[in-house]
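A short worksheet on the structure shown next.
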Amino acid sequence: MGGCFLIAILAVLSGLFILSDGHSNRPNIVVIVADDMGWDDVSFHGSQQVLTPNIDMLAYTGVAMERYYSHCVCTPSRSALMTGKFAYVTGMQGYPLTNGEDRGLSLNHKIMPQYFKDLGYATHLVGKWHLGSSRQHFLPTLRGFDSHFGHRGGFIDYYEYLLLENWNVGDVAGFDLYRNMTPDWDARGYVTDLYNEEAKSIIKWHDTAQPLFLMVTHNAPHGANEAARLQAPPETVRSMRYLMSPKRRIYSAMVKKLDDSVGDIVKSLHEKGILDNTILVFVSDNGGITSGRSINYASNYPLRGLKFTPFEGGIRVNGLVWSKNLTRANHLWKGYMHVVDWMPTLLTAAGAELPADIDGIDMWESFTTNAPSKRNVIFEIDDYSGFAAVIEGDFKLVTGNVTRSASNHQGKDLRGFTKDPPLYKKALKDSKVYSVIQEMNIPLTSNDINLRGNIKVECDITNDNNICYPNNDKVCLFNIKKDPCEMQDISSENPELAEKLRKLLKDEMKRMIPRTVPLFRDPRAMPNANNNYTWNIWADNIAS
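Using mature numbering (1 follows the signal peptide of the UniProt record, and there is no 0), the letters of the sequence shown map in sequence onto residues -22 to -1, 1 to 522.
The following block contains the structure:
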């Protein structure tokens, strides 16, 4: 009796009014994930180029995270999000999953939708999966989701829904847009719009007798296939003519469509009458990719490094959480948070007991009371690529071998304008989220919008030719609070600190499930006539 009473009291204190004897008042939870979106690609971080007024309004009336971290690649970050465990603990670290592999997130790990299903939630996934599709038991509707509309692999063409892979035999392409277990050959339109409409439909027809758990994992703004990496509706691209770079124009149009979707989802929740009791999360899965493989001309500038690297540009990403009950004077939360922390945080918000075998830390109380973060250590370990990093407090150690061409400061050359950009405050007032918060009487002041200047990262990067690159014989040590752009290696002046962090990293690596087997794309996965020209299940008749 005492325990139930305590749970009820804690729920009331958090402002969510969860009943311990039922699920009808548990908060609805909507998680929106952007794919390969850079630090400098949301305007609440200070960007003048890419305006994201709907996302920004959630930051200004919710909680924006100054130091939110993820893994530097998509499959690892999604594995961590779903399990609450660092990717290297589940063997999902390293180069992202390809559709030709017989590999997926082990069934030994219970994942987020399964926990929410146990709490009585209706669970839906719209968009990218990327945690295994060679066998039926890897698929989302076999792992806790009531429905899935989206792509199973790493990305798809925005109009034709094809995924192309470069195999030893040449280019191999197949269809990868599914409604549950069936290829959706009848789908038409820009895929960001398709995912947006699906999310709105789920919200519209949701039975409010159940709480809703909805994940919208957009394809945007990930690059598409090699022949047409950047894809957006022409009229949206034309609205970006104030940008000098034609590449950046198309990329920004892709981001605008994503931001429009965020606005539509918030509006749909409001029209359904459930936004008052909804927690919204918006995050990027990893840093942007300004050059090299999978290029989409995203920008992490002035942060150092790209996707596929352990530098800040690869792992320090966009993150915010919104709930009407979180509204307060200070909307900028400065503590550390990692993608593994979402599962325990959201489960706590839903009034659930937490699993004991996870790496994630519950941050809900920190959000609701603006308390310091409970996390002080973050790891990035990739034995497949051969690098590792650890953050403890103000300091970060990077070891191993990194791709030098992706580990410098990129994106400044994409910042040019042909004329003045649109007026920022007008864009905010024209956004759908602004109209919703006005109707909900949520206060918004100029001080809230000043968050944009407070979270902006500024560094003097006149010359990065002398920055530290680690290798087998050298480590790089940074004070990332004073030097967020990782310009100055301080390892030689602080050998004891460097050794302490190296030992911390070495001890953590003992938990790692190694991933050193070379990538193998099985010919049986090929989307030919035998597989109806789709990337479909193909390994169920093969011994595991």
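From the three backbone atoms N, C-alpha and C, an ideal C-beta is built for every residue, glycine too. All of these numbers come straight from a predicted model, not from anything done at the bench.
According to DSSP, what are the bridge partners of E358?
The partner list for E358 (beta bridge, DSSP) reads A367.
Assuming the contact rule is C-beta atoms closer than 8 Å, P54 and M70 should be a hit. Round their C-beta distance to whole Å, please.
About 6 Å separates the CB atoms of P54 and M70; that is less than 8 Å, so the two are in contact.
Segments of 3+ residues assigned as beta strand (DSSP E) that fall wholly inside the segment 452 to 508
Within the segment 452 to 508, the complete beta strand (DSSP E) segments at least 3 residues long are 454 to 457, listed from N- to C-terminus.
Out of I181, N197 and A198, state which residue places its alpha-carbon closest to the alpha-carbon of F191.
For the set I181, N197 and A198, the Cα lying nearest the Cα of F191 is the one of I181.
Please classify D(-2) as buried or exposed, where buried requires at least 16 neighbouring CB atoms within 10 angstroms.
Below a pLDDT of 50, predicted positions are generally treated as unreliable, and D(-2), at 39, falls in that range; the measurement from the model is reported next regardless. Answer is exposed; the Cβ neighbour count stays below 16.
Proximity winner among D237, M418, P199 and F123, relative to C52 (alpha-carbon distances):
Closest by alpha carbon: P199.
By the three-class DSSP mapping on this structure, what secondary structure does M232 have?
Here M232 sits in helix by DSSP.
Out of I336, S272, V453 and D442, which one is the CA nearest neighbour of F133?
For F133, the nearest C-alpha among the options comes from S272.
If we ignore side chains and look at the alpha-carbon of each, how far apart do S(-9) and E343 end up?
Model confidence at S(-9) stands at a pLDDT of 42, short of 50, so the residue's coordinates are unreliable; what they give is reported in the following sentence. Spanning the two alpha carbons is a distance of roughly 7 Å.
Proximal residues to R480 (C-beta, below 8 Å), its chain only, five neighbours per side dropped
Hits under 8 Å: L375, T377 and V453.
Whose C-beta lies closer than 8 Å to the C-beta of R282 among residues of the same chain, with five residues either side of it excluded?
These residues qualify, in order along the chain: F289, E290, G291, S385, N386, H387, D442, I445, C463, E464 and M465.
Give the range of the alpha helix (DSSP H) segment to which V67 is assigned.
Its alpha helix (DSSP H) spans residues A65 to T68.
So what's I293 in DSSP terms, helix, strand or just coil?
DSSP places I293 within a helical segment (H, G or I) once states are collapsed to three.
Below 9 Å between beta carbons: does that hold for I33 and V41?
Note that the C-beta distance between I33 and V41 is not below 9 Å.
On the DSSP letters alone, give me the boundaries of the beta strand (DSSP E) that L324 sits inside.
In the DSSP annotation of this structure, L324 is not part of any beta strand (DSSP E); the continuous alpha helix (DSSP H) holding it starts and ends at W320 to A327.
Coil, strand or helix - M193 by DSSP:
If DSSP states are grouped into helix, strand and coil, M193 belongs with the strands.
Alpha carbon of N379 to alpha carbon of F365, nearest angstrom:
Cα-Cα distance, rounded: 5 Å.
In three-state terms, what does DSSP make of I415?
Note: I415 maps to helix in three-state DSSP.
With burial defined as no fewer than 16 other Cβ atoms inside 10 Å of the residue's Cβ, what is the status of D242: buried or exposed?
If you draw a 10 Å sphere on the C-beta of D242, you find 16 or more other C-beta atoms in it, and that means buried.
Check E79 in the structure and name its three-state DSSP category.
Correct three-state label for E79: coil.
Count the other C-beta atoms from every protein chain shown that fall within 10 angstroms of the C-beta of A206, then say buried if there are 16 or more, exposed otherwise.
Exposed: under 16 other Cβ atoms inside 10 Å.
Going by beta carbon distance, what residues of the same chain come within less than 6 Å of T195, once the five residues before and after it are set aside?
Non-local C-beta neighbours of T195 in its own chain, meaning closer than 6 Å and more than five positions away in sequence, comprise V11, G105 and K106, ordered along the chain.
Taking the alpha carbon of E79 as the reference point, which residue from D500, P505, I515 and Y511 has its own alpha carbon closest?
It is D500 whose Cα lies nearest to the Cα of E79.
Would you mind stating whether M418 and K302 have Cβ atoms separated by less than 9 Å?
Inclusion of M418 and K302 in the CB contact set at 9 Å is warranted, their separation being smaller than that value.
Beta-carbon separation of Y402 and Q27 under 9 Å?
Contact: no.
What are the boundary residues of the alpha helix (DSSP H) that includes A177?
Note, A177: alpha helix (DSSP H), V169 to K182.
Cα-Cα separation between N146 and G72, rounded to whole angstroms:
G72 has its alpha-carbon roughly 21 Å from the corresponding atom of N146.
By Cβ distance, which residues of its chain are closer than 8 Å to F345, with the 5 residues on each side in sequence left out?
Excluding the 5 residues flanking it on each side, F345 has same chain C-beta neighbours closer than 8 Å at V41, V299, L304, W311 and T323, in chain order.
So, at 8 Å on beta carbons, what are the nonlocal neighbours of D319 in its own chain, with the 5 sequence-adjacent residues on each side left out?
If the five residues before and after D319 are omitted, its C-beta is found closer than 8 Å to the C-beta atoms of G62, G338, I339, D340, M341 and R353, all from its own chain and listed in chain order.
If you draw a straight line from the alpha carbon of I491 to that of S469, how long is it in whole angstroms?
Cα to Cα, I491 sits roughly 29 Å from S469.
Taking Cβ positions, are M15 and L236 nearer each other than 9 Å?
Result yes, Cβ atoms of M15 and L236 sit closer than 9 Å.
Find the nearest neighbour of S363 within the set E138, V495 and M193, judged by alpha-carbon distance.
Ranking E138, V495 and M193 by CA distance to the CA of S363 puts V495 first.
Is W163 helix, strand or coil when you go by DSSP?
In the three-state reduction of the DSSP assignment, W163 falls in the coil class, being assigned neither a helical nor a strand state.
With a 10 Å radius around its C-beta and 16 neighbouring C-beta atoms as the bar for buried, classify H115 as buried or exposed.
Counting Cβ neighbours within 10 Å, H115 comes out exposed, since fewer than 16 surround it.
Run the CB neighbour count on M43, radius 10 Å, all protein chains shown included, and call it buried at 16 or more, exposed below.
Counting every other CB atom within 10 Å of its CB across the protein chains shown gives M43 a total of 16 or more, marking it as buried.
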